[in-house]
Every structure is written in C-alpha cells, then in structure tokens.
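This report concerns only the one structure given below.
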Amino acid sequence: MVRWAPQYDVLTHPSIACFLTHCGWNSTTEGLSASVPLLCWPYFGDQFINQSYICDVWKVALRLNPAESGLISRDDIKEVATRSVSNGGDSLKNLEAFLEKIKA
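In my numbering, the protein residues as written are 1 to 104.
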C-alpha cells in the first residue's frame, strides 16, 4: 500500500481518463489543473456546494446521481465516465473552454 502519492503526477498520467472526485476543494483544483474530466460524487459538507459550482456554474464535470438506495452502480460510473471523456463530449468541451478562460 502506498501511503502518499503525488496527486498531480497521478492525474496527468496518460492512463488516467477521468477523475472520480468527492469534490473536496483541493482535489477539485488538482483535477482542474491536470485538465482531467471530473466525475463528482460528494459525501458531506462543502463538497455539495463545490459540486454545484463544478457542474452547474463552470460546467466542467458530470454528476454521479445515486439511486434511491443511495448507491451508484458500476454501470452508472461506466456510463458517465464514457460520456465524460468521449470526443466532443460536453465535459471535455467545457473543460477546454474553462482552461482557455483561465489562461487569458
């Protein structure tokens, strides 16, 4: 087991297609700076507010919506992840536009 790993190096590795995040502020900024598509799954506190900004205001991520049972299935994650990283997908387009605004 690895006790610590450099988050940015992990997120920018070529094998990483997207980042399943709990929407904590640090992981959110790391995911955005790595230009990796985000899948949002908050648990508590400010994570829900962060998710609202990431998904609804900035429009650079997709929500994972649990079923009534509160569970998210493997198929749910696969579907959202595939949609997120597909060529021409809204998440990718919005992330690229967001990064261009930051650079300007």
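Here a beta-carbon is modelled for each residue, glycine too, at the ideal position from N, C-alpha and C.
Bear in mind the structure is a predicted one, so any value in this text is a computation, not a measurement.
If you count every other CB in all the chains shown that lies within 10 Å of the CB of residue i, and 16 or more means buried, which is it?
i, result
"F48", "exposed"
"E30", "buried"
"F19", "buried"
"A17", "exposed"
"A97", "exposed"
"L2", "First, the amino acid is wrong: residue 2 is Val here, not Leu. Answer is exposed; the Cβ neighbour count stays below 16."
"V57", "exposed"
"A104", "exposed"
So residue i packs on residue j, CB below 8 Å; how close in whole Å?
i, j, result
"H22", "P37", "Not quite, the Cβ-Cβ distance comes to about 16 Å (not below 8 Å), so this is no contact."
Excluding the 5 residues preceding and the 5 following residue i in the sequence, name in chain order all residues of the same chain whose CB lies nearer than 7 Å to its CB.
i, result
"A34", "Y8, L11, T12"
Only counting the same chain, and skipping five residues up and downstream in sequence, which positions put a Cβ closer than 8 Å to that of residue i?
i, result
"W25", "D46, N50"
"T28", "T21, L38, N50, I54"
Apart from the five residues on each side of it in sequence, which residues of its chain come closer than 6 Å, Cβ to Cβ, to residue i?
i, result
"N87", "none"
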